[in-house]
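According to our numbering, the sequence shown is numbered sequentially starting from -4. Glycine included, every Cβ here is placed at the ideal spot set by N, Cα and C. Note that the structure is a prediction, hence the values are computed from the model and not measured. Take a look at the structure set out below.
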Amino acid sequence: MVRTLILVLTLAWAVLPLPARAGEPPSEPQLRVETGMHTATIKRIDMDATGRLLLTVSEDKTARLWSLPDGRLIRVFRPPIGPSDEGKLYAGALSPDGSAVAVGGWINHGLSNDHSVYLLDAATGTVMRRLSGLPNVVNHLAFSPDGRRLAAGVGGANGIRVWDVASGREVLTDSDYGGGVYGLTFAADGRLATASFDGHIRLYSRDGTLLRKVKALGGERPFGIAFSPDGTRLAVGYVDVKRVSVWSASDLSLLYSPDTAGGNENSLACVEWSADGRFLFAGGMWAKNGKWFIRRWTDGGRGAATDLAVPIDRTIMDLKPWGRDGVLFGAAGPAFGTLDVRGKPALSRLAAVSDMRDKLASFMVDRDGRRVRFGLKYGSEDPVLFDLTARTLEPSGATPSDLVPPRITGLPVAGWEDTTAPKLGETALPLQPYETSRSLAISPTTDGFLLGTEWFLHLFGKAGTQLWGQPTPGVTWGVNVSGDGRLAVAAYDDGTIRWHRMTDGKELLALFVHATDRRWVAWTPSGYYMASAGGEDLIGWHVNNGKDAAADFFGAGRFRDTFNRPDVVERILATLDEGEALRQADQAANRRRQDDDIRRKLPAVVEILSPAPGSGFSGQTVEVRYRVRSPSGLPVTRVRVLVDGQAPAEAARALGRIPGEGNVYSFSAPLPARDVTLGLVAETEHGAGEVASLPLKWTGRATVDPTKPKLYALLVGVSNYARAEDRLNYAAKDAEDLRRALEKQQGGLYREVVVKVLPDAVKNDVLDGLEWLERQVTARDVGLLFLSGHGLNDQQGEYWFIPQDGDRDRLRRTSVNQAEIKGALKRLAGKTLLFLDTCHAGTVAGSLLKGTTDVSGFVNELASAENGVVVYASSTGRELSIENSAWRNGAFTKALVEALGDGKADGNRDGVVTLAELDVYLSEKVKDLTGGRQHPVMVKAGAIRDYPIGTAGR
């Protein structure tokens, strides 16, 4: 395991191909997974001097700024990236005043001797300066305590560089090193110390003079190094031995070595002192009885050792002091968090990616590859079943009989599990140096086998000849072959399952599942996707803006009209060709081929220039300066304002064509007297861009608004369809029962509840009702729409609500289109809720049910950040909503009536029901009522806070 860690640190980047276009990052948009959290190992962490801001940098090619102590994401930094390792970040530093971010890693744009460090504005994410000309990757970065200097530890035998931050001038170069520099630390007085894989520790004066250089004792690979707060001692950790040493910071004499007895035989590579110097901490690959720890010593390392448990089972990569006596950690997984002086977690942000380790016998696939079963956690823990045809992801306690694990017998493959020397019989398989084999699957006909490794997915023939090898997005922890032998299916360390064509290894399809909330998205190489409700923006497009500017990122939902194509995704495994799947899907839907070059449709971008994130305000308005760019060159039609993700207003209209660098504008934003998140979003003819968010803190006097809001609700339930076979039993009754439940809320949160019920409504009734709702709701009110009945997706995938007079063959004239519903809800001035219960089956397969209904695309559109609608859907994928005579309701409405009318969703018993509490209650109750056949979902934009929507026990 020690060897594995060293290889990750020093060699993993040495064998993969470089970008093809030397000197410039690729201009083609690149698909990336985006969860709101890192998706790969967090290599480094750093804090500002006040301890209110945290920087994390990751191999996922992003850096992220978080607020402390709440761990809220403030900003994502995206330097330009390329294929393979290009753009991976290994180093990062936050200036003491929190104004600047420095990041580095593998950033050379194809020029082997021209790696770069980027200096970015922490408030806007823009590039302030690129420091170039470095001869190798950057392993570590550190600002001096006064913020005036930036030091870099360089890979290979290339030493360190130190720059003057203000000018970018290099003020110190020391290349007299025999190995990479992974440790850098500044003392309060400006001295600099380094730890290098050449086995030495070095100490420099404030002016850059080398004062001392000594051989580290007991280890050849010193990694972490940290000055004590008083500057008198240096702690050093190692990756090759289980050792920590403490040295004099004046002459580098060895003072003492803390107790490292116990634990496993792996390393304590990273070290840090508590802010008051009382404690010394060390972390790395330190485990006992299957649990992972950070070791802490009293008396600065001289005293007793205590092992503090961390809520992860991955390598601790970096440490920083937390409070006076606590510690903050960054880890593989990825994860970060804090432990207080008692060793208790105060903050914990864990991975959203599935843990794909040990996906061997538990990784199961059916004959045609359309269903796959795997664990969201280590090995087979928390198993789920993904069904491409049904568009569902469900818990899978029992394995379906037609799914099989990978075959590992039939050919004499040996040494394939966690070694660098797999063999077929006595013949060594031709892998790269240090490439570790992780997984095996022999084809059903035993004419070849898949080998998953640290860096590649290989197919070998039965004689051991490599037929193809594909670079992978991470370690290949599991492989399998579909029963028909046409598909290779692999589980990767980035949390994805990917399907490859068996003949040549070409990727056909990828699946990402959020590990905690189980949202998912599946996509083809060109970006055509299907997604669960709330899942579409788990992927997006990274667009470089040249090597001297930060990149843009656009969630997949920005291009929904072109790329939300479940019909294409469903065909990809049958056709084994994306182009053919697209052709067949277009033909079946009578759909003309659309322009899929997203560079011509890139949304407008808003950057908020001032005030800074977290600024305080005490008045009724805040002056906001912002820049608008239009990367596609399309005219900007307007800029809208969102407060806490809702209550839209306009900041500007018809800005027109904007120069490439953008124009700067300002406006006075009216804000409520409380902490808020202000959002700005710009629109072009193709729709809205990403929302630029600005958290602001209320610093005025505490006020209580004496005026309660009103609740306006439009409830539509259609049971009595024209054809007997389409009729439902309880949809109209559902609307009436919900009315009574909502009216109980009058006098609680709401001074008045106004409900309009439309039983068995025709199209015009529904449209009139939407217009009524739009007219009634003011900025201080809550608007609620409930739709129960039948819904359909047409051939183009658009959603239609079917009223009483609906006719599937004349949808445009008789039914309500998703655009009409979205338009009305988007224009509501206040908070907006939609309850959608329209995936019912009729009594038999009637005319309304000739098509299929999947509301996920419509839900995702409504819940997009620019629309600000909170959506509750009764079911997911192609699941049906279930009615039952025992309840005399649909399952969804029965649960909803109990939740709001009887207050049963008040999980914490504080007298109110919040959005999240309602989500939990509906999910559990409907699952219980239907025996797990129906799974409601709630989707909202991240900026929308978890606010109360009802009171309990009224």
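> Of the residues T51, P78, W61, which one's Cα is nearest the Cα of L26?
Replying inline: P78
> In angstroms, rounded to a whole number, what distance separates the CA positions of T838 and Y716?
Replying inline: Confidence is the limiting factor: at T838 the pLDDT is only 43, short of 50, which leaves the residue's position unreliable and the question unanswerable from this model.
> Taking the beta strand (DSSP E) that K165 falls in, what are its first and last residues?
Replying inline: In the sequence on display, residue 165 carries Glu and not Lys. Where E165 is concerned, the enclosing beta strand (DSSP E) stretches over 165 to 169.
> Between V636, A697, T387, which lies nearest to R687 when the distance is taken from Cα to Cα?
Replying inline: It should be pointed out that residue 687 corresponds to Ala in this sequence rather than to Arg. Considering only alpha carbons, the answer is V636.
> DSSP on R493, reduced to helix/strand/coil?
Replying inline: strand
> If you drop the 5 nearest sequence neighbours on each side, which residues of the same chain put their C-beta closer than 7 Å to that of V209?
Replying inline: Around V209, the same chain offers H195, I196, L247 as residues with beta carbons nearer than 7 Å, after the five sequence neighbours per side are excluded.
>> Rounding to the nearest angstrom, what Cα-Cα distance links R588 and M933 in this structure?
In response: 33 Å
>> Looking at the secondary structure, which residues open and close the alpha helix (DSSP H) in which T570 lies?
In response: Unbroken alpha helix (DSSP H) run through T570: 561 to 570.
> Taking C-beta to C-beta, are A819 and L765 nearer than 7 Å?
Replying inline: yes
>> Assuming I102 and P130 are in contact, meaning their beta carbons sit under 8 Å apart, how far apart are those beta carbons, in whole angstroms?
In response: Approximately 13 Å separates the beta-carbon atoms of I102 and P130; this is outside 8 Å, ruling out the contact.
> What are the complete beta strand (DSSP E) segments, minimum 3 residues, inside the segment 203 to 227?
Replying inline: Correct list: 205 to 210, 217 to 222.
> With a cut-off of 8 Å, do at least 3 Cβ pairs link the segment 921 to 939 to the segment 875 to 888?
Replying inline: yes
>> Give the list of continuous beta strand (DSSP E) stretches no shorter than 3 residues that lie fully inside the segment 732 to 781.
In response: 747 to 754
> To the nearest angstrom, how far is it from the Cα of G490 to the Cα of V133?
Replying inline: Computed Cα separation, rounded: 26 Å.
> Over what stretch of residues does the beta strand (DSSP E) that includes N475 continue unbroken?
Replying inline: Element bounds for N475: 471 to 476.
>> For a test of the three-state rule: what should DSSP assign to A840, helix, strand or coil?
In response: Its pLDDT being 37, under 50, A840 is placed unreliably in this model, and the value from its coordinates should be taken loosely. The answer is coil: DSSP assigns A840 none of H, G, I, E or B.
> Whose C-beta lies closer than 7 Å to the C-beta of G609 among residues of the same chain, with five residues either side of it excluded?
Replying inline: S62, P690, K692
> Is Q952 buried or exposed, if buried means 16 or more other CB atoms sit within 10 Å of its CB?
Replying inline: Past the boundaries of the shown model lies residue 952; the chain is included only from -4 to 949, so the question cannot be answered.
> Is the Cβ-Cβ distance between L60 and R67 less than 7 Å?
Replying inline: no
> What number of angstroms, rounded off, separates the C-alpha of G154 from the C-alpha of L314?
Replying inline: 23 Å
>> Assuming S851 is part of the beta strand (DSSP E), what are its boundary residues?
In response: No beta strand (DSSP E) contains S851, which is instead part of the alpha helix (DSSP H) from 851 to 857.
> By DSSP, does Y916 sit in helix, in strand, or in coil?
Replying inline: helix
>> Could you compute how far the alpha carbon of S262 sits from the alpha carbon of S434?
In response: 26 Å
> Which residues in the same chain have their Cβ closer than 6 Å to the Cβ of V748, if we skip the five residues on either side of it in sequence?
Replying inline: Taken in chain order, the residues that qualify are L706, L737, E738, Q740, Q741.
>> Tell me which residues share the same chain as I307 and place their Cβ nearer than 7 Å to its Cβ, disregarding the 5 neighbours each side in the sequence.
In response: Correct list, in chain order: W287, A326, G328, A330, L345.
>> Does R595 come out as helix, strand or coil in the three-state DSSP assignment?
In response: helix
>> If the criterion is Cβ atoms closer than 7 Å, does the pair L89 and A146 meet it?
In response: no
>> Beta-carbon within less than 6 Å of N903's beta-carbon, same chain only, minus the 5 sequence neighbours each way: which residues are those?
In response: none
> Taking three-plus beta-carbon pairs below 8 Å as touching, is the segment 288 to 302 in contact with the segment 229 to 246?
Replying inline: yes
> Are the Cβ atoms of L445 and A486 separated by less than 7 Å?
Replying inline: no
> To the nearest whole angstrom, what separates the beta carbons of L891 and L917, a pair I think is in contact under 8 Å?
Replying inline: With a Cβ gap of about 7 Å, L891 and L917 count as contacting.
>> As a quick exercise: from T57, R309, R622, K339, pick the residue whose alpha carbon is nearest that of G321.
In response: K339
> Among all the DSSP beta bridges, which residues are the ones paired with D832?
Replying inline: S783
> Considering only the beta carbon of each residue, do V399 and S391 sit closer than 7 Å?
Replying inline: No, these two residues do not count as a Cβ contact at 7 Å.
>> By the three-class DSSP mapping on this structure, what secondary structure does R587 have?
In response: coil
> Quick one: Cα of T498 to Cα of R481, how far?
Replying inline: 8 Å
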